[in-house]
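Residue numbers (this note's numbering): 125 to 516. Beta carbons are placed, not taken as given, at the ideal position from N, Cα and C, and that holds for glycine.
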Ligand SMILES: [Zn+2]
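Put into structure tokens, the structure is as follows:
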């Protein structure tokens, strides 16, 4: 059985081939006579692209065949296929970057790679070291850059299983039950590894690898990186964002953090002053309402919040212990508060749920207060009628 086209030549973008089988295992798929589509595996995501007029949404190896999952079914027969090359080349940069990082990390520090994840924005490898200091991370990045500058050829070969067993190969082990030839990927003069993925021709095509940060996990360390075009795009995005921040804050790069911290401090101070003013206003407002109150005091504020309602109710009930307050805040939906003074002849635990029902809301309370959220604050007049005649 010959290897698929993506394996023979990872730089092949298009192919004239044939749909030899169709099926549906929950998603419609086709099997091709030969394929340039890489099926997900070894940490590298599946390719995207087109088969005839149908977009390919996923590619998986299932029961020894490569299933190309499509947005809609196709008929058997001759077909032109094309992969999303920009996406694939990005994957080849991140994946080949992983080979190089793994090899250099092992040669320089003796750390082996236990996992690889190629993400949408960044990729990572997991190293079997409990600690990776910033100094060692920098040394690793420098050593990787030197190997990129060395323009080392990268090539894939196949050897028999017996030959493989005689060779000194850096490998996380073959899949259980592996038979037949073994595919090896070599970075000339540096690394020999078992792998079925797609790789660059040379370390030069990596352009650069930037190590971003580390995370501790299960006694090991996750090392997050970007390679190739991603590194340039990430730098460009950071540069644009910093430029926008400089404009918004009127500060130079060196002053940005201090400018943000100063504004946060100012905001906290302003919020404290605002809360004090609101509290004083609520107390004065409540005292005024108490002076003219009947048995039920009801009021609505479109742009206040529950703490404000509580402050006003406290002031009303201090001035007039014989009244019950129903206060609401919000636009259409919002908060409600039911509070009775010490001498008011009402049972709040019984009335609270009934008021919540009228306002299409839910709440809870303790003692002489009940509060919650409601979606029909426009029905508060009905609730006032209930509170005026609670025995009804
Ligand atoms: Zn590989």
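According to DSSP, residues forming a beta bridge with residue i
i, result
"residue 224", "Residue 224 is not bridged to any residue."
"residue 316", "310"
"residue 248", "241, 348"
"residue 277", "326"
"residue 460", "452, 496"
"residue 194", "180"
"residue 138", "206"
"residue 424", "452"
"residue 268", "In DSSP, residue 268 forms no bridge with anything."
"residue 399", "DSSP, once it has assigned bridges, lists no residue as partnering residue 399."
"residue 165", "168"
"residue 282", "307"
"residue 154", "146, 192"
For residue i, three-class secondary structure by DSSP
i, result
"residue 235", "coil"
"residue 372", "helix"
"residue 159", "coil"
"residue 408", "helix"
"residue 179", "strand"
"residue 149", "coil"
"residue 416", "coil"
"residue 334", "strand"
"residue 204", "strand"
"residue 170", "coil"
"residue 341", "strand"
"residue 259", "helix"
"residue 487", "strand"
"residue 189", "strand"
"residue 293", "coil"
"residue 536", "Within the shown structure, residues of the chain are numbered from 125 to 516, placing residue 536 beyond reach of any answer."
"residue 199", "coil"
"residue 465", "coil"
"residue 470", "coil"
"residue 513", "coil"
"residue 393", "helix"
"residue 304", "coil"
"residue 321", "coil"
"residue 501", "helix"
"residue 131", "helix"
"residue 229", "helix"
"residue 475", "helix"
"residue 429", "coil"
"residue 254", "coil"
"residue 359", "helix"
"residue 298", "coil"
Expected contact under 8 Å - CB spacing of residue i and residue j to nearest Å
i, j, result
"residue 327", "residue 225", "At roughly 11 Å, the Cβ-Cβ gap does not stay under 8 Å, so residue 327 and residue 225 are not in contact."
"residue 192", "residue 161", "6 Å"
"residue 458", "residue 452", "6 Å"
"residue 455", "residue 426", "5 Å"
"residue 377", "residue 388", "With 8 Å as the limit, residue 377 and residue 388 do not qualify as a contact, their Cβ atoms being about 19 Å apart."
"residue 205", "residue 139", "5 Å"
"residue 237", "residue 256", "So it is not a contact: roughly 13 Å between Cβ atoms."
"residue 450", "residue 504", "7 Å"
"residue 322", "residue 219", "7 Å"
"residue 227", "residue 294", "7 Å"
"residue 413", "residue 421", "6 Å"
"residue 468", "residue 448", "5 Å"
"residue 480", "residue 436", "Between residue 436 and residue 480 the Cβ distance is about 20 Å, and since that is not below 8 Å, they are no contact."
"residue 198", "residue 141", "About 12 Å; that fails the 8 Å criterion."
Pick from the options that is closest to residue i, judged by C-alpha positions
i, options, result
"residue 330", "205, 253, 352", "352"
"residue 320", "432, 134, 405", "134"
"residue 439", "428, 417, 258", "417"
"residue 507", "466, 469, 398, 424", "424"
"residue 249", "339, 147, 298", "339"
"residue 155", "131, 314, 202, 349", "202"
"residue 159", "168, 175, 165", "175"
"residue 472", "486, 482, 490, 127", "490"
"residue 214", "354, 268, 278", "354"
"residue 277", "268, 288, 313", "313"
"residue 131", "478, 386, 165", "165"
"residue 178", "270, 170, 153", "153"
"residue 325", "441, 272, 199", "272"
"residue 234", "180, 391, 216, 254", "254"
"residue 470", "460, 446, 485", "446"
"residue 492", "478, 500, 462", "462"
Practice item. Could you tell me whether the stretch 230 to 242 touches the stretch 179 to 191, where touching means 3 or more Cβ pairs closer than 8 Å? Key: no
Practice item. State whether the stretch 209 to 222 contacts the stretch 176 to 185, with contact taken as three or more CB pairs (one from each stretch) at a distance under 8 Å. Key: no
Practice item. Spell out a yes or no on whether the stretch 333 to 346 and the stretch 256 to 267 are touching, meaning 3 or more CB-CB pairs, one atom from each, closer than 8 Å. Key: yes
Practice item. Give a yes or no on contact between the stretch 302 to 321 and the stretch 276 to 284, applying the rule of three or more CB pairs nearer than 8 Å. Key: yes
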